[in-house]
Structure formats: C-alpha cells, structure tokens
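Here it is as structure tokens:
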C-alpha cells in the first residue's frame, strides 16, 4: 500500500511538472502573439516542435530572451537557468572567445552561417553544434535581437567529423570579413571593418602579377600594404622600394634600368637598376604622381612590353618584376591632371586599393595608441606609461593630416618627455595646437571637404548668429565626449570662456 501511495505521489509530481511546463509554453506563445508577429505559426513550430535548439538573444545585454524545449531537453538546463542569463554561459570554456568573436561578426554583418561551436551541458559535457544566426532589427533598423539556431553535430565524430568541422571553418572564414592570413597583416594595427575588407582584397589580388595602384593620404600605411602584397604573392625575389619624388628623367632611368660603363660622363662602372635587383619580386614605386612626363613614357613602355634597356646599351632585357605604385594624390586629381598620362594610370590601376585616413577609423586610435606606447617605451628602455582616459577623446577629435605616422610621432615625443606613471596629455595638446587650423588656405572655413559657405548657401534663410554658435558648441562637446577642455581647444577658445558661455546659456534657459 505504501509503495502504491509513493508511486501515485510521483505521478502527481510529474503531472504537476508537466502542467507548469505547459503553462510556461502557453505564456511564451501569448507573448509571441502580443508582439503581433506576422509569422506566429512559424515561431510556434520553431520554439515548440523544432529538433534544433533555438534561442532569442538581446544584442545589447547578450542575455537570452527565450528558448525552445529542444534546448532544455538537450543541454539539461531548466528554463529559469537559461532565460535571463548571458548567452556565453552555455558555451564550453575552451570556445568562449571564439563564440564572442562570432557574436561580433554577427553584430557587424547581421548573420552567421554554419559556424562551428561547442556548448556546455549542465552536467559539464560537451556538445558540438553548427550555428545559424540572424539579427532582428527594430523600427529604426538597429539590430536589437538575434535568433540563434543550434544544430547538434556531436554525432559527426572521427575522420568525417574532422572534415566537416574544417569545412565549416572554411565557410565561416569565407563569409566573415577577416583575412585568411592574419599573420601577414600583424604589423597593421586595426579593428576597422573597412580595413578588414582591404585585407581580403589584398589576399584576392596578391597572386595575379598585375600592377597595383595604392592610394591614400600621407602616413596611412601604403608601403606596408605593398609589402604584404609581395609577401602573399609567392614571388621569390626581393621587395624593392623607391621614392619617385624628386627624380629627374635621367636619374629615374638610371635608378630603374641601370647603365653600362661609359654610358654618360662619370659612369666609370656598370650599375644594375632596381628592376634587375627586384627580378622575380616586387618593385614599389612610391609617390608615382610626381613622376616626370618623359619618365612616364618609359615606365609605360616597360609595363606594356615587359622589356627595358640599360643606359648606353641597345640590347633589350626581359624584366620579371611586379610593379606596385602608390600616391597620396586623389584619383580625380591624378586623372584630371595634364601632367599624368591617362594610359599610364589605367595600366597601373589594373588593381586599385584605397586606404582610408585615420579620421575615418577613429575606433583604431586606442589600439594604435597602446601599440605605439609600448614600442616607444621599449625603444627608450622605459616602462610603458598609462594613458589617461581623456587622451583617446582628445586624439579622436583631431583630423590627423599625417595619419598613423603623425600619431606615432606624437607618441614617441610624449614618451621621450614622460616621467612617472600616468602619461601627460600636454605634449599631445601642443602638437595638435601646432597643426590644427579651421581655415583652408583660401581662408574659407571647412567642414570636412565642404566649405562652411557652401553649407550656408544651401539654406533659404540664414540662422541667427547665436543659433550657429550654440550648434557649433554642442557639436564640439559631443565630439569631445563632454570634456570642456577638449571642446574648447576644438573651438579655439579658452576653457574659461567656454564655461562662461555655457553658464550664460543655462541661466537663460532657467530664466525662461
């Protein structure tokens, strides 16, 4: 009789558990209905009948909003142990960093396909899964939620499983924006998506052998990209560089093609040119936009025919070299100039890579600052100083005409002057003050590449002077992240003057 009562009690307990589970399912379905989702039926099938594990994740908090029964059953957690908890709680410890990187890719691209992941069961066991995930935008188009769909791949063990895992990794690498050979880009410090796209472009054209034209402002790293192109090209010759600026036609010909003994007065011995030195490799021609007209003709002939002659010699020589050229001039100024041959441009720009300026990748400034601080300290045999939080904000408001090279110079100067623990911002402020000017050479106030007068000409009615001042001050404070000292420097005024202006504006607002 006692056993019968215990058995009945167990059945009642199980029944009560099932009732609670059904009530939760009902509540979740009602939640979906309240969301006025057009695909409620699809949601119902996914959350309550799918064999795959499905969860909805808040993109900001990275916490689970809801999960389906398959996840509860397969991982062994209760619903209360899943909903409201960080998504990374359910990854195996060895794969959490990979999962966080994939989450970052999802945030940037809006989707992930067939990503290999390893989850952690409640009992501590591993479950290998394949993830497909998509983000769900809000009414403003911002990705606020993501749906994760995990398919159990644990059964794919042994050799077949290894092949499948490798295939999944290759697919993920192809779909992501990261380079396939990150080690060769290690000297280029960035976390910028546009730079990752350039890395993928470099990888795709490295082996073609055709000329490449790299454009970008001074100091953005054009030579580094050229060196990576050579490294990935598979060419076994040298990577040879030459700056074209300042070379007259005679010196250009002698530098690139070489000469025979007696070719001209003073040519006491034969000299091989850079094309011969770079044979089987890459010749990097920097500042190609400065090339003299006569020299352009000679370079074009070499690119077309693949042959050149030593000065003082008529016998043609086959040149086995890849040409990579760079210029800080814009394509418009290069092609629109009568001083640069359009046919040479089109021959050089079979592949074109444009590097963005530092002001378009300000998210890289903290990484670059940390890298340069450590390197400068090591070179000076000093302990790397700690940068103050406001330094990144200060640097992010500066337009950096010299780009990364200018930032590196600033850091080297600041570290050489530094004594103590926290780095002073004074050396940086002084450099910025020396180079910052809100006026173009013609005296017109600039807003990016557009003059302020151009902007005003678009308005039917001119704003009041106070309105302009208020807007400019508000913009400066936003760029300075609320730091009045930095905002004052952007505006070209003292901090005290800015503080008084803000105080008057607040007082006026309070009085009204």
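Residue numbers (the working numbering): 1 to 512. The C-beta atom is built at its ideal place from N, Cα and C for all residues, glycine as well.
Asked	Found
From which residue to which residue does the beta strand (DSSP E) around residue 117 run?	111–120
In whole angstroms, what separates the C-alpha of residue 391 from that of residue 425?	6 angstroms
Report the three-state DSSP secondary structure of residue 107 (helix, strand or coil).	helix
Of the choices 246, 323, 263, 275, whose alpha-carbon is the least far from that of residue 284?	323
Where does residue 73 land, buried or exposed, given buried means 16+ other C-beta within 10 angstroms?	exposed
Could you name the residues that DSSP lists as bridge partners for residue 351?	212
Quick one, are the C-beta atoms of residue 296 and residue 340 less than 8 angstroms apart?	yes
Residues in its own chain within less than 8 angstroms of residue 191 by CB, not counting five upstream and five downstream?	363, 364, 367
So who's on the other strand from residue 270, going by DSSP bridges?	Answer is none; residue 270 lacks a bridge partner.
Between which two residues does the alpha helix (DSSP H) holding residue 371 run?	365–379
Pair every Cβ in the region 209–220 with every Cβ in the region 346–353, then say whether three or more of these pairs are closer than 8 angstroms.	yes
Unbroken alpha helix (DSSP H) runs of length 4 or more, entirely within the region 180–229: which are they?	193–205
I need the straight-line Cα distance from residue 179 to residue 199, nearest angstrom please.	6 angstroms
Span of the beta strand (DSSP E) holding residue 143?	143–152
How big is the Cα-Cα spacing for residue 236 and residue 308?	21 angstroms
Are the region 379–386 and the region 405–421 in contact at 8 angstroms, needing three or more beta carbon pairs?	yes
Looking only at its own chain, which residues have a Cβ that is under 6 angstroms from the Cβ of residue 372, when we skip the five neighbours before and after it?	408, 411
For residue 62, collect the residues of the same chain with a Cβ closer than 6 angstroms to its Cβ; drop the 5 residues on either side in sequence, then sort them by chain order.	86, 87
Starting from residue 431, trace the alpha helix (DSSP H) in both directions and tell me its first and last residue.	426–435
What whole-angstrom Cβ distance do residue 523 and residue 149 have, given they're in contact under 8 angstroms?	Absent from the model: residue 523. The displayed extent of the chain is 1 to 512, so no value can be given.
Spatial neighbours of residue 175 within its chain, please: CB distance less than 7 angstroms, with the 5 preceding and 5 following residues excluded, ordered by chain position.	For residue 175, the predicted structure reports a pLDDT of 49, less than 50, and the residue's modelled location is therefore unreliable. The matter cannot be settled from this model.
Which residue wins for smallest C-alpha separation from residue 287, given the options 342, 231, 222?	222
Which residue or residues does DSSP assign as beta-bridge partners of residue 285?	242, 325
Between which two residues does the beta strand (DSSP E) harbouring residue 137 extend?	126–137
Per DSSP, which residues does residue 63 bridge with? Please list them.	86
Quick check on DSSP: helix, strand or coil for residue 259?	strand
Classify residue 513 as buried or exposed, calling it buried when 16 or more other Cβ atoms lie within 10 Å of its own Cβ.	Residue 513 falls outside the range modelled here, since the chain spans only 1 to 512, and no answer is possible.
Would a C-beta distance cut-off of 8 angstroms place residue 106 and residue 144 closer than the cut-off?	no
Return the CA-CA distance between residue 269 and residue 421, expressed in angstroms with no decimal places.	58 angstroms
The alpha helix (DSSP H) that contains residue 392, what's its start and end?	389–396
Quick one: using the 10 Å Cβ neighbour count with 16 as the cut-off for buried, is residue 318 buried or exposed?	exposed
What's the gap between the Cα of residue 256 and the Cα of residue 291?	13 angstroms
DSSP puts residue 308 in a beta bridge; with which residues?	317
Going by C-alpha to C-alpha distance, which of 433, 504, 93 sits closest to residue 487?	433
I need the straight-line Cα distance from residue 501 to residue 469, nearest angstrom please.	10 angstroms
Can you tell which of 298, 206, 301 has its C-alpha closest to the C-alpha of residue 231?	206
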